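J.: If you're matching them up, the sequences are chains Y and Z in order. With the working numbering applied, the first sequence covers 1 to 206. With the working numbering applied, the second sequence covers 207 to 412. Have a look at this one before I ask anything.
Number of protein chains: 2
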Amino acid sequence: MIPWVVLERLYLYYSYVDSLPPEINWVSSQMLGEALGISPDLVRKDMTYCEIKGKPRQGYPVPELRNYLKKLLKLDTSVNSVIVGTGRLGSALANYEGLKKSNMHVVGLFDTDPKKVGTTLGDLTIMHLGKMHDFIKENDVVCGVITVPAHSAQQVCDLLVGAGVKAIWNFAPVALKVPDGVYLRSENIVQGFVLLRISLLEANQH
Amino acid sequence: MIPWVVLERLYLYYSYVDSLPPEINWVSSQMLGEALGISPDLVRKDMTYCEIKGKPRQGYPVPELRNYLKKLLKLDTSVNSVIVGTGRLGSALANYEGLKKSNMHVVGLFDTDPKKVGTTLGDLTIMHLGKMHDFIKENDVVCGVITVPAHSAQQVCDLLVGAGVKAIWNFAPVALKVPDGVYLRSENIVQGFVLLRISLLEANQH
Ligand SMILES: NC(=O)c1ccc[n+]([C@@H]2O[C@H](COP(=O)([O-])OP(=O)(O)OC[C@H]3O[C@@H](n4cnc5c(N)ncnc54)[C@H](O)[C@@H]3O)[C@@H](O)[C@H]2O)c1
Ligand SMILES: NC(=O)c1ccc[n+]([C@@H]2O[C@H](COP(=O)([O-])OP(=O)(O)OC[C@H]3O[C@@H](n4cnc5c(N)ncnc54)[C@H](O)[C@@H]3O)[C@@H](O)[C@H]2O)c1
């Protein structure tokens, strides 16, 4: 088993090599470390979890590394998802190229606001929350993204779980309860700002 | 020095105890662990970095723990910030209660879109990017948030650094270059989805 903190970094290495221009065939732990603010020693240590061997003074072969990490991180597996709450954050996620490239397949958008229901966002039409249960069952949806206000988040979560969703990606600032067998990840982007400010105020790196 | 990964978790403990109703005076490592999906052993280990002692069978005193963590995480220090790019993501951040509560003080919003410049978002008026340099100098701004398209991000970053900003919080999917002495944190929320999908597909926890 690869530890989560290593998987998190492996994904950063993947998205870096994936953004390299086609003529770059080798990437060193130095190059990866500098671009991502990670020590080259740690990069080398992380790479021991991969079967791709580096070459002294050249580094890792980009095409092989990209393909290996793509499989390891399951980026080649598409997952049907719905986004509930098509406000500012929900619409930013629905439009985000990065999610499309990582094979999150958004198949449905839901909201309760009569002014939003029936309008289009990208190439999807926003549906009313009342239609979500049947939609999830008919479209093999496994992941639900929650971008509604905090007071509605648990209710939306229960609806998603009740319809058979197995993974919940939550952005509302509230600790959700899910039954065993349902995987929950809550984002809390304030955490990023808190760590940035600590660096700034302590004017050093840990 | 407390390791970053521990600080990340301490912030999650803080935001959990900060959201507890006032009549709850004690919180156990069990309670914290269950709410946040972290093992109680790890919670207890993290708490050894804090000077707050737990009591057997009762746990940690909530008011003392909250105040201690607030200081440790520098949540009581306000930082003047600007957001550059007031589209979907930028406006979601400008309106997010969580950032206000963590003492990020957004004092300026900037964009280049003539349809947005001059309109209001919350209680601020969106200004044109051309006014940002002087605004940063006159308003003691130390942090810049980048929510513009990837192709404009480095140029916006250089403008912020040139005006004297010392911390950059970047959401554009591109590896930015900053000089020494400027602290950079890049968010990559796709990473969260990638880890969630791995849990789902491997149907287990690491
Ligand atoms: N985690 C983070 O980092 C972060 C950052 C910004 C915002 N947020 C949170 O994300 C959520 C959305 O923020 P926003 O700025 O997009 O808010 P918003 O008000 O722009 O959008 C919320 C949307 O949810 C819809 N909605 C409300 N109740 C609903 C329900 N029961 N079912 C379906 N749709 C419902 C509304 O009609 C609206 O379209 C909020 O909880 C906010 O606190 C989190
Ligand atoms: N990191 C993440 O997790 C994440 C998630 C969603 C979106 N994004 C990224 O965040 C950025 C914003 O996404 P969005 O959905 O809000 O896009 P958007 O198109 O809704 O907003 C972009 C805004 O930036 C403005 N802008 C463009 N060039 C500018 C410049 N040089 N100076 C100032 N303002 C400028 C535009 O006028 C617009 O208002 C994009 O780079 C997107 O890829 C990141």
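Just so it is clear, CB atoms sit at the ideal spot from N, CA and C, and this is done for glycine as well. Bear in mind that the values here come from a model prediction, so they are computed numbers and not experimental data.
Please tell me whether residue 219/Z has its Cβ less than 9 Å away from any Cβ of chain Y.
T.: no
J.: Specify, as a first and last residue, the run of the alpha helix (DSSP H) that residue 341/Z falls within.
T.: Start and end: 338-344.
J.: Determine whether the Cβ of residue 193/Y lies closer than 9 Å to any Cβ atom of chain Z.
T.: yes
J.: With H, G and I counted as helix, E and B as strand and the rest as coil, what does DSSP make of residue 205/Y?
T.: Any reading at residue 205/Y needs caution, since the residue's pLDDT is 42, under 50, leaving its predicted position unreliable; the model's value is listed next. Reduced to three states, the DSSP call for residue 205/Y is coil.
J.: Pairing CB atoms from the segment 381-395 of chain Z with CB atoms from the segment 348-364 of chain Z, are three or more of them under 8 Å?
T.: yes
J.: Could one say the Cβ of residue 407/Z lies closer than 9 Å to chain Y's Cβ atoms, at least one of them?
T.: yes
J.: For residue 381/Z, which residues in chain Y fall below 8 Å Cβ to Cβ?
T.: 16, 19, 35 and 36
J.: What are the boundary residues of the beta strand (DSSP E) that includes residue 333/Z?
T.: 330-334
J.: Once DSSP output is grouped into helix, strand and coil, what is the label at residue 221/Z?
T.: helix
J.: In its own chain, which residues sit with a C-beta less than 7 Å from the C-beta of residue 299/Z, not counting the 5 before and 5 after it?
T.: 289, 305, 351 and 353
J.: Out of 1/Y, 8/Y, 115/Y and 150/Y, which has the shortest C-alpha to C-alpha gap to residue 398/Z?
T.: 8/Y
J.: Candidates 342/Z, 396/Z and 324/Z: which alpha carbon is nearest residue 370/Z's?
T.: 342/Z
J.: Could you tell me which of 379/Z, 292/Z, 355/Z and 207/Z sits nearest to residue 331/Z, measuring between CA atoms?
T.: 292/Z
J.: Could you tell me the alpha carbon to alpha carbon distance between residue 286/Z and residue 348/Z, rounded to whole angstroms?
T.: Their backbone Cα atoms lie some 6 Å apart in a straight line.
J.: How big is the Cα-Cα spacing for residue 26/Y and residue 18/Y?
T.: 12 Å
J.: Are the CB atoms of residue 216/Z and residue 208/Z within a distance shorter than 9 Å?
T.: yes
J.: Is it right to say residue 116/Y is buried, meaning 16 or more other beta carbons lie within 10 angstroms of its own, or is it exposed?
T.: buried
J.: Secondary structure at residue 186/Y, three-state DSSP: helix, strand or coil?
T.: strand
J.: If residue 220/Z and residue 275/Z are in contact, beta carbons under 8 Å, what's the gap, nearest whole angstrom?
T.: 4 Å
J.: Indicate, with yes or no, if ligand 1 has a heavy atom lying under 8 Å from the CB of residue 160/Y.
T.: Short note on residue 160/Y: C-beta not closer than 8 Å to any heavy atom of ligand 1.
J.: Measure the C-alpha to C-alpha separation of residue 393/Z and residue 267/Z and round it to an integer number of angstroms.
T.: 33 Å
J.: Quick check on residue 266/Z: does DSSP put it in helix, strand or coil?
T.: strand
J.: Specify the secondary structure class of residue 193/Y as computed by DSSP and reduced to three states.
T.: Residue 193/Y carries a helical assignment under DSSP once its states are collapsed to helix, strand and coil.
J.: Along chain Z, which residues have their Cβ under 8 Å away from the Cβ of residue 166/Y?
T.: Result: 406.
J.: Give me the residue from 270/Z, 265/Z and 375/Z with the minimum Cα distance to residue 197/Y.
T.: Here the closest residue by C-alpha is 375/Z.
J.: With H, G and I counted as helix, E and B as strand and the rest as coil, what does DSSP make of residue 352/Z?
T.: In the three-state DSSP reduction, residue 352/Z falls in the strand class (E or B).
J.: Would you kindly report the start and end of the unbroken alpha helix (DSSP H) that includes residue 47/Y?
T.: 40-47
J.: For a contact meaning CB atoms closer than 7 Å, what does residue 304/Z contact in chain Y?
T.: 173 and 190
J.: Is the beta carbon of residue 86/Y within less than 8 Å of some heavy atom of ligand 3?
T.: By its list of ligands, the structure shown excludes ligand 3, since it contains just ligand 1 and ligand 2.
J.: Could you name the residues of chain Z that residue 102/Y contacts, counting a contact when the two beta carbons are closer than 8 Å?
T.: 396, 399 and 400
J.: Comparing the C-beta of residue 231/Z with each C-beta of chain Y, is any distance below 9 Å?
T.: no
J.: Report the rounded CA-to-CA distance for residue 41/Y versus residue 30/Y, giving the unit in angstroms.
T.: Across the structure, residue 41/Y and residue 30/Y are spaced so that their CA atoms are roughly 9 Å apart.
J.: Is it right to say residue 203/Y is buried, meaning 16 or more other beta carbons lie within 10 angstroms of its own, or is it exposed?
T.: exposed
J.: Which bits of chain Z does residue 74/Y rub up against, with CB to CB less than 8 Å?
T.: 400, 403, 404 and 407
J.: Straight-line CA distance for residue 64/Y to residue 253/Z?
T.: Those two C-alpha atoms are separated by around 42 Å.
J.: Which class does residue 259/Z belong to by DSSP, given the choice of helix, strand or coil?
T.: coil
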